[in-house]
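Every position in the sequence shown, counted from 1, becomes a number in my numbering once 17 is added. Notes to accompany the following structure.
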Amino acid sequence: MQHCRITRVTPYVVGMGWRNCVFAHVETDDGIDGIGEGSMEHQPQGIAEAIARLADGHAIGRSAFDTERLVNETVRHEFARSPIVNSAIAAIEMACWDIVGKALGVPVYALLGGRVRDERIPAYALGWHRVGFSESEISEAARAAANAGYRGLKFDPFDTTARDPDRSAIERAGGRVRSAREAVGPMVDLMIDGHGRFSPASAIAIAQAMEPYGLYWFEEPSDPDSSATLAAVGRNIRTRLATGERCLSRSSIQAVLETHEVDVLQPDIVHVGGIMEAKKIAAMADALYVPVSFHNPFGPVATAAALQLDTCTTNVFSQESCCAFDVPWRFDLVENAPRPVDGHYEVTTAPGLGVGAFRPEVAAAHPFDPQAVPPLLMRR
Ligand SMILES: [Mg+2]
Numbered sequence: 018m019q020h021c022r023i024t025r026v027t028p029y030v031v032g033m034g035w036r037n038c039v040f041a042h043v044e045t046d047d048g049i050d051g052i053g054e055g056s057m058e059h060q061p062q063g064i065a066e067a068i069a070r071l072a073d074g075h076a077i078g079r080s081a082f083d084t085e086r087l088v089n090e091t092v093r094h095e096f097a098r099s100p101i102v103n104s105a106i107a108a109i110e111m112a113c114w115d116i117v118g119k120a121l122g123v124p125v126y127a128l129l130g131g132r133v134r135d136e137r138i139p140a141y142a143l144g145w146h147r148v149g150f151s152e153s154e155i156s157e158a159a160r161a162a163a164n165a166g167y168r169g170l171k172f173d174p175f176d177t178t179a180r181d182p183d184r185s186a187i188e189r190a191g192g193r194v195r196s197a198r199e200a201v202g203p204m205v206d207l208m209i210d211g212h213g214r215f216s217p218a219s220a221i222a223i224a225q226a227m228e229p230y231g232l233y234w235f236e237e238p239s240d241p242d243s244s245a246t247l248a249a250v251g252r253n254i255r256t257r258l259a260t261g262e263r264c265l266s267r268s269s270i271q272a273v274l275e276t277h278e279v280d281v282l283q284p285d286i287v288h289v290g291g292i293m294e295a296k297k298i299a300a301m302a303d304a305l306y307v308p309v310s311f312h313n314p315f316g317p318v319a320t321a322a323a324l325q326l327d328t329c330t331t332n333v334f335s336q337e338s339c340c341a342f343d344v345p346w347r348f349d350l351v352e353n354a355p356r357p358v359d360g361h362y363e364v365t366t367a368p369g370l371g372v373g374a375f376r377p378e379v380a381a382a383h384p385f386d387p388q389a390v391p392p393l394l395m396r397r
């Protein structure tokens, strides 16, 4: 059997529209290479630096087959949990899974339990409304996204809203949600994301104001740092509460789950430190019968990793997808970037993550962009 000992790890920072994405290209002595993604909303250069440093300290010389040990030793050695370290670990771990799958000629999901679904993976759309924020623009964009076949549409209707918005700001947001609902009809799920902005009382008032529009979930209504606060909100709203993208570990996920107020858990495969950690977290949610929907606003490799888990995880709800609303060249970064058709992803049977070769020349053509910062968070 091939050992696939890691010989080189090369980080890439790629300016991609509203964010910089980070990738790790991992090469082995058997000539098999893999690609992983370590994108976070901020600090891309810090993550790239961490990838290089963690590779030297923990990955070079190790077999790509030993992912569990690689992650465990790296986490324990680095001591302080940090999103930068987690994202760097995830990039390397993801690339190792890609390598292992290629070496064995099987997709990653076949190594993690195999297929639990025969059908395609349903997606919900993110980023569909970027054209504008007027009610007519929202209406037109929502209709177009629904016609593209997505099961649901998610957006943040709050714009520059403060922690405790006044009534007119809530009504403006409500008007946008109403426009989307009227455009798509009752059968398409609508979700809103508060990005953790609101005080508990304001979050509850907003959820009540949105009730006529039949939201599927209210995501991060208040700051997810406090699971007690989220629980207080959850107890007082009738809409499903979704959260989890900013959790970094099994322990923080457990605190959130133990509130019994989270209706959909949204682990981010990068933020938690990789595919295996996300799989474990999905099982923790499943122990409480909570569905998961992997957070996925980044590049094509993180999307491919999410799809591998979607394929082999029983309690997946739907896959967040920004592909169709992203920079068009995201599909050029790898040979076979995932692309939803009719609002669904086909299950790939290609080996590893299924993305084929990474194209460094495309990454190099789009270097770090200091302007590429999530716009919503900039305006807060
Ligand atoms: Mg979110």
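We put the beta carbon where it would ideally sit given N, CA and C, even for glycine. Computed from a predicted model, the values in this text were never measured in an experiment.
Q) Can you tell me the Cα-Cα spacing of Ile109 and Val26, whole angstroms? A) Within the sequence shown, numbered from 1, the residue matching residue 109 stands at position 92. Within the sequence shown, numbered from 1, the residue matching residue 26 stands at position 9. Answer to the nearest angstrom: the Cα atoms are 8 Å apart.
Arg397, buried or exposed, once every other Cβ within 10 Å from all chains shown has been counted against 16:
Numbered from 1 along the sequence shown, position 380 holds the residue referred to as residue 397. Unreliable positioning characterises Arg397 in this predicted model, as indicated by a pLDDT of 42, which lies under 50. A coordinate reading is not provided.
Quiz item: Which value, in whole angstroms, describes the spacing of the CA atoms of Asp50 and His42?
Solution: Here residue 50 refers to the residue found at position 33 of the sequence shown. Here residue 42 refers to the residue found at position 25 of the sequence shown. Between Asp50 and His42, the C-alpha separation is close to 7 Å.
**Report entry** Simplified DSSP assignment, three categories, for Gly63
**Finding:** Within the sequence shown, numbered from 1, the residue matching residue 63 stands at position 46. Helix, per DSSP.
May I ask whether a heavy atom of ligand 1 can be found less than 7 Å away from the beta carbon of His212? Position 195 of the sequence shown holds residue 212. Yes; taking the cut-off as 7 Å, the Cβ of His212 has a heavy atom of ligand 1 nearer than that.
- How long is the line joining the alpha carbons of Ser80 and Gln19, rounded to whole angstroms? Against the sequence shown, residue 80 aligns to sequence position 63. Against the sequence shown, residue 19 aligns to sequence position 2. Distance between the alpha carbons of Ser80 and Gln19 is about 9 Å.
Should Leu326 be labelled buried (16 or more other beta-carbon atoms within 10 Å of its own) or exposed? Here the question's residue 326 lines up with position 309 in the sequence shown. Label assigned to Leu326: buried.
Exercise. Using alpha carbons as the reference points, say which of Arg376, Ala249, Glu157 and Ala158 lies closest to Pro238.
Key: As a first step, residue 238 is located in the sequence shown; it is residue number 221 there, counting from the start. When each option's Cα is compared against that of Pro238, the closest is Ala249.
Use the C-beta contact count for Ser196: other C-beta atoms within 10 angstroms, 16 or more gives buried, fewer gives exposed.
Residue mapping note: residue 196 aligns to position 179 of the sequence shown, counting from 1. Per the 10 Å Cβ criterion, buried.
_Own chain residues within Cβ distance below 7 Å of Met395, not counting five before or after_ = Reading the sequence shown from its first residue, position 378 is the one you call residue 395. Its pLDDT being 45, under 50, Met395 is placed unreliably in this model, and the value from its coordinates should be taken loosely. Around Met395: no qualifying Cβ.
Would you tell me roughly how many angstroms separate the C-alpha atoms of Leu170 and Asp343, rounded to the nearest one? On the sequence shown, residue 170 is found 153 positions in, with the first residue counted as 1. On the sequence shown, residue 343 is found 326 positions in, with the first residue counted as 1. So the alpha carbons of these two residues sit roughly 15 Å apart.
- ligand 1 heavy atom lying under 7 Å from the CB of Glu188: As a working mapping, residue 188 is identified with position 171 in the sequence shown. Glu188 Cβ: outside cutoff for every heavy atom of ligand 1.
Could you check if Asn313 is buried or exposed, using at least 16 other CB atoms within 10 Å of its CB as the buried criterion?
Working through the sequence shown from its first residue, we reach residue 313 at position 296. Flag for Asn313 reads buried.
Point to revise | Thr24 (DSSP reduced to helix, strand or coil) | key: Residue mapping note: residue 24 aligns to position 7 of the sequence shown, counting from 1. Note: Thr24 maps to strand in three-state DSSP.
- Boundaries (first-last residue) of the alpha helix (DSSP H) holding Asp115: As a first step, residue 115 is located in the sequence shown; it is residue number 98 there, counting from the start. Its alpha helix (DSSP H) spans residues Pro100 to Leu121.
* Kindly indicate the opening and closing residues of the beta strand (DSSP E) around His332. => Residue numbering aside, residue 332 sits at position 315 when the sequence shown is read from its first letter. Looking at the sequence itself, residue 332 is Asn, so the reference to His does not match. Asn332 -> no beta strand (DSSP E), and no H or E assigned at all.
- Message: Once the 5 residues before and after Val372 are set aside, which same chain residues still bring their CB inside 8 Å of it?
- Response: Start at 1 with the first residue of the sequence shown, and residue 372 comes out as number 355. Only Ile52, Asp115, Pro317, Val318, Ala321, Val351, Glu352, Asn353, Ala354 and Pro355 meet the Cβ criterion.
Which runs of the alpha helix (DSSP H) spanning at least 4 residues fall entirely within the region 138-171, listed in chain order? 152-164
Nearest-angstrom Cα distance between Cys340 and Pro357? If you number the sequence shown from 1, residue 340 lands on position 323. If you number the sequence shown from 1, residue 357 lands on position 340. Roughly 8 Å separates the two Cα atoms.
Practice prompt. List the residues that DSSP assigns as beta-bridge partners of Phe375.
Written response: Indexing the sequence shown from 1 puts residue 375 at position 358. Note: Phe375 sits in a beta bridge opposite Val351.
Cα-Cα separation, Val205 to Ala302: Sequence index remark: in the sequence shown, residue 205 carries index 188 (1-based). Sequence index remark: in the sequence shown, residue 302 carries index 285 (1-based). For Val205 and Ala302, the distance between alpha carbons rounds to 25 Å.
#### Entry: Closest by C-alpha distance to Gly149, when choosing among Glu157, Val279 and Leu258
Residue mapping note: residue 149 aligns to position 132 of the sequence shown, counting from 1. Selected option, being the one with the closest Cα: Glu157.
Under 8 Å Cβ to Cβ from Ala200, same chain only, skipping five residues before and after it: list those, please.
Residue numbering aside, residue 200 sits at position 183 when the sequence shown is read from its first letter. Taken in chain order, the residues that qualify are Ile155, Ser156, Glu157, Ala159, Arg160 and Ala163.
- Query: Would you say Met111 and Ile292 are within 8 Å of each other, going by their C-beta atoms?
  - Reply: Your numbering for residue 111 matches position 94 in the sequence shown. Your numbering for residue 292 matches position 275 in the sequence shown. In contact: Met111 and Ile292 (Cβ atoms closer than 8 Å).
(Q) Three or more C-beta pairs under 8 Å: does that hold for the region 100-108 against the region 29-41? (A) yes
Exposure label - Ala374; buried when at least 16 CB within 10 Å
Sequence index remark: in the sequence shown, residue 374 carries index 357 (1-based). Answer is exposed; the Cβ neighbour count stays below 16.
| Hey, quick one: how far does the alpha helix (DSSP H) through Gly251 stretch, first residue to last? | Position 234 of the sequence shown, counted from the first residue, corresponds to residue 251. First-last of the alpha helix (DSSP H) with Gly251: Ser244 to Arg252.
Is Gln336 helix, strand or coil when you go by DSSP?
To locate residue 336, count along the sequence shown from 1; it is residue 319. DSSP places Gln336 in strand when its eight states are reduced to three.
| Phe96 versus Arg257 - alpha carbon distance | Here residue 96 is taken as the residue at index 79 of the sequence shown, counted from 1. Here residue 257 is taken as the residue at index 240 of the sequence shown, counted from 1. Between Phe96 and Arg257, the C-alpha separation is close to 35 Å.
| said: Quick check on the burial criterion: 16 or more other C-beta atoms within 10 angstroms. Buried or exposed for His383? | reply: Along the sequence shown, one-based indexing puts residue 383 at 366. Label assigned to His383: buried.
- Query: Quick one, which of Val379, Pro203, Tyr233 and Val92 has its alpha-carbon nearest His288's?
  - Reply: For the purposes of this step, residue 288 is taken as residue 271 along the sequence shown, with counting starting at 1. Nearest C-alpha to His288: Val92.
Kindly indicate which three-state DSSP category Arg397 falls into: helix, strand or coil?
The residue you call residue 397 lines up with position 380 of the sequence shown. Low confidence applies to Arg397: its pLDDT is 42, below 50, so where it sits in the model is not reliable, and the reading given next is rough at best. Coil.
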